Every structure is written in structure tokens, then in C-alpha cells.
Amino acid sequence: MVLNELVKVHSTVGTANNIIGFDPRGVNNSGPDLSCVTGGQETYGLYSGFDTTLDVTDKRSYSEIYAKAAAFGEFCTKAHSSANDTAKYANTIATAGDMLRYIESLAKSHGQDPKKSQLWYYGGSYGSVLGTTYASLFPDRVGRLIVDGIADAEDYYRGEWSAGLVDADEAFRYFFQTCFDAGRNGTCPFWAESPAAIERRLDAIIEDITLHPIPFFNEVPAIFTVTDLKMFLAQVPYDPLLLYINLAHTLVQLEQRNPNPLAVALGLGKGSSDCITEKKPAFFEPPRFIACTDANGRYNLSAYDAWVGHANRMAKQSKYMGEWWATITGVQCHKLDIRAPDTQVFNGYPNASHTSNPLLFISTTVDPVTPLRAAEKTVKRFGGAGLLVQNSVGHVSISAHSNCTSAWVQHYLATGQLPPNGTRCEPDSVPFKN
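Heads up, the working numbering is the position in the sequence shown plus 23, with the first residue counted as 1.
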């Protein structure tokens, strides 16, 4: 987050404190190495064709995703099967312990009592699971702890991931509405005579590409399919201010059956290479390893029918994101047989009746993958905690800057005092207007 979103983070938390970003265990620069391929972590692109979304209109899609997940799980289980392998230590409890050891080491280096050190923390999305897990394990070692974009940690540790999409389609309805509000001659090129008409145009594009994939060429000839489109759509509501205008232009092009700009941006139609020439972090393995290890086999999709049922439930939960969401965890764990030691298995859900300082929870009104109701549920599990709601659409509050939110965050950091109950902040900008 710090590497990619430093400007946004700074504008929210202010400049009174040093900001230290870190990679959780197994991610990017932090060990253990979770790569399943001999030669290190530069595995970006080696799983081409594995990171795809479901197409509920195609029965083969279910079986292909299930088989690919099995291949991934069996391959990585074998790669990390030695008795001395450390992949099992990449989990959320272990990373929470790492944070405690860091603040103790920092205190010691300053001549302070390590056992009195307290964590100052800001984390969003998965970072909300990590932050609340830390507060649950070490409630007397909380200095300032802000969690933003609150995942339902009970759902997360259960391995089900079925509570995230309840507001996802509302985020798309916000696109339809703001595009319409921009006006016929405004800044949204996908404008139509009503929000419902804009939705119908999008649905018509999806239907057209489902029935008739679009041929194109980049470095090599290729086809643009409905799963390519849905992979793109699933990312858009994370950051409406940045991506809604891109979506509008892209849909105009796709309506004319021109996929080239989007296909190039997605890296489609590229030629193959026998060697990796660009070092990139391994984005495929670590999220799956950590989520599956944290779930500890609680959600069993080893039976094909169980996977199909799960996928259909997710597809019904969200028209535009459910098919993608169904594939990112759950099924990926059904053949990945790597388990954390018993001391690093989190049972139940994060909670603490009292913490040394209160936690501040933040949520947007409409978050496509970590809904407001998850924040409302979780804040009740931490004594003295408070919830700040930002009236915007997007994943975590920094997706739409708000001077009001920033002021309350910086006040909390400076004083430890929470916003009054029921505090809501307005965003400074909305899509297509400013």
C-alpha cells in the first residue's frame, strides 16, 4: 500500500508521523519464499491462463477452473513438501507476531522498555484482518490502530469468502447513475437516456462478446472473450474516481467491437518468451497460500458439486463480480495441502473486550468487496472502538479523498480520541464531475 498509494496515504494520515510500509510474510520482499517454481520469486506470468474468471454460461468453465486449481494445489504442495520447508509459516497470526517483534525491537533501539511498546497501524482490506487479528492477540499493545475497508474476518478465517459482494452491484449502479448525471454532452462518453439504459448497453456488450468473441492482434493473433471483459469489470469499482472514466471509454470501443486498447492494457495477445527478462513480484502464489493457510481446511470444496454450488451462489450475489470472486479463494485451496502449525491457527473471529487504546474503523458507504455491514459487525467486537463512515463508493476510504475523513484520522492519531458515534464524511470528488 505504501509503495503504490503513498500520496493517498499521506493525504489521509498526515505528515506528523513516519510511515513505514512492510510486506507481510511471503509477499514480495519478505520471506519465506512461496514460489512453487525453482529459481525464486520471479514467477509473474508463469501461471498464464490460471488467473481467470468463471463463465456461468459455459459448463466447461466450471470444470476447467476446478482442474486448474487442483493442478496449482498439487504442484505447489509437492514443491513445498520437504520437512524443512517454511511456507507453512506464512500466515496472518505469524505476521501479527512479526509486527509485535518489530515495535519491541524499535523500542529497544531507542532505549525504551520493549514490553511497553505499542503498535501504531493503518491497514486496509486484508490489512483490516491483519490489524484486528493483532488487536485480538495483543490487546494491551495497541497504540493507534486504524482499519479501513473492513473484511468480515469471521468469513475470511472460515475460508468461505461469501460475505464480500453484497454491495458490489450497487457500485456498478453508481457508475450508471454518475455517467447519466454527467449529461448528454458531458464527460461520460457512454451516456444514455437513463441509468437503466446505460446498464442495458453494458449487458448487451456482455451478451454480444459471450456469443461472439472478438478477434484481434497485438504481438500475435488472439481473441477477446467475455472472461477477459469480466476480469476487467471486476477491478473497476475498486477505484471509481480513476477507473469509471476508463470504463466508459472502453465500453464505447467494445460496443464497436474494438477490444485493442483494453486487450493491450491487460497484456493480451502477447508473444511468449523462453525466459523471464523482467523481475516482478510473485502475485499469484502468496495471496492463495496465505488465505488457504489461514482457512486451515475449514471450507471444503474438494467435491466438484460443492465447488459448483459455491460458484453459483457467488454469481447470484453479484451480476458483475460474482463469477470472478468465486475463483480467487475457496476452490484454490482444495488441493493445496499446506497447513500452519497449531500455534498459528486462528480459530473463531478477532475480538477484544478491551484494548489499551480504542480502534478506529473506517468504511465507505458502498465498498464492492468489503461492505459497510462487515465494519458495523466487526466494530461491535472490540470494546470502545468507533466507526467512521465515508459517503463514497470504492474500496477503502482512500479511493475517494475526503478532507473530513483526513481531519478525523489525524485527530485520532494525535489524541487517541474517536469521532462521535454516527460520524459521516463526504468525499471531495465524484466521478465524471471533478
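Idealized CB from N, CA, C, for every residue including glycine. As the structure is a computational prediction, the values presented were derived from the model and not from experiment.
Per DSSP, Ser-185 has no beta bridge partner at all.
The continuous stretches of alpha helix (DSSP H) do not include Thr-388, which lies in the beta strand (DSSP E) extending over residues 382 to 389. Put simply, the region 129 to 139 does not touch the region 347 to 362. Fewer than three CB pairs are less than 8 Å apart. Trp-143: member of the beta strand (DSSP E) spanning 142 to 148, first to last residue. The beta carbon of Thr-109 sits closer than 6 Å to those of Pro-55, all from its chain and outside the five residues before and after it, given in chain order. With respect to the C-alpha of Tyr-322, the residue from Cys-59, Glu-177, Ala-106 having the closest C-alpha is Glu-177. In the pairwise beta carbon analysis, the region 224 to 236 is classified as not touching the region 311 to 328: fewer than three pairs are separated by under 8 Å. Runs of alpha helix (DSSP H) with 4 or more residues, each lying fully within the region 299 to 370, are found at 308 to 318, 327 to 340, 345 to 351, listed in chain order. Here the alpha carbon of Val-432 sits roughly 38 Å from the alpha carbon of His-333. Closest by C-alpha distance to Arg-167, out of Asn-444, Ile-421, Gly-409, is Gly-409.
If you check the CB distance, Cys-427 and Gln-440 do not come in under 9 Å. Between Ser-84 and Gly-292, the alpha-carbon positions lie close to 21 Å from each other.
In this structure, DSSP gives Gln-276 a helical state, which the three-state scheme calls helix. Three or more beta-carbon pairs separated by less than 8 Å are not found between the region 359 to 375 and the region 324 to 340, which leaves the two stretches without contact. In this chain, the beta strand (DSSP E) harbouring Phe-239 covers 237 to 240.
Judged by beta-carbon spacing, Lys-358 lies within the 9 Å limit of Phe-95, meaning their Cβ atoms are closer than that value. In this structure, Leu-264 places its C-beta atom within 9 Å of the C-beta atom of Pro-454.
Along the region 72 to 102, the alpha helix (DSSP H) occurs as fully enclosed runs of 4 or more residues at 82 to 102, listed in sequence order. In this structure, Ser-58 sits away from Ala-119, with a CB-CB distance that is not shorter than 9 Å. Counting along the chain, the unbroken beta strand (DSSP E) around Gly-166 starts and ends at 165 to 173. Remark: C-beta atoms of Phe-198 and Leu-252 do not approach each other more closely than 9 Å. Taking the C-beta atoms as reference points, Gly-49 is found no nearer than 9 Å to Pro-218. Boundaries of the alpha helix (DSSP H) harbouring Asn-283: 283 to 288, taken from the DSSP string.
In this structure Val-32 touches Ile-421 by the C-beta definition: roughly 7 Å separates them, less than 8 Å. Within the same chain, and ignoring the five residues on either side of Val-389 in sequence, the residues whose Cβ sits closer than 7 Å to its Cβ are Asp-190, Glu-193, Ala-194, Tyr-197, Val-416.
In terms of CA proximity to Leu-285, Phe-240 leads the group Thr-35, Phe-240, Gly-320. Less than 9 Å divides the Cβ of Thr-248 from the Cβ of Pro-236.
Taking a contact as a CB-CB distance under 8 Å, the pair Tyr-180 and Tyr-327 does not count as one, their CB atoms being some 25 Å apart. In this structure, Thr-233 is the residue among Ala-158, Ala-130, Thr-233, Gln-200 with its C-alpha nearest to the C-alpha of Asp-78. In this structure, Ala-397 places its C-beta atom within 9 Å of the C-beta atom of Gly-187. With respect to Phe-98, Leu-123 sits apart: the two C-beta atoms are not nearer than 9 Å. By the C-beta density criterion, Leu-29 is exposed, having fewer than 16 other C-beta atoms within 10 angstroms. By the 16-neighbour rule on beta-carbons within 10 angstroms, Ile-228 is buried. Ala-158 has its alpha-carbon roughly 20 Å from the corresponding atom of Ala-437.
Residue pairing from DSSP places Cys-448 in a beta bridge opposite Gln-413. Around the C-beta of Arg-336, fewer than 16 other C-beta atoms lie within 10 Å, and the residue is accordingly described as exposed.
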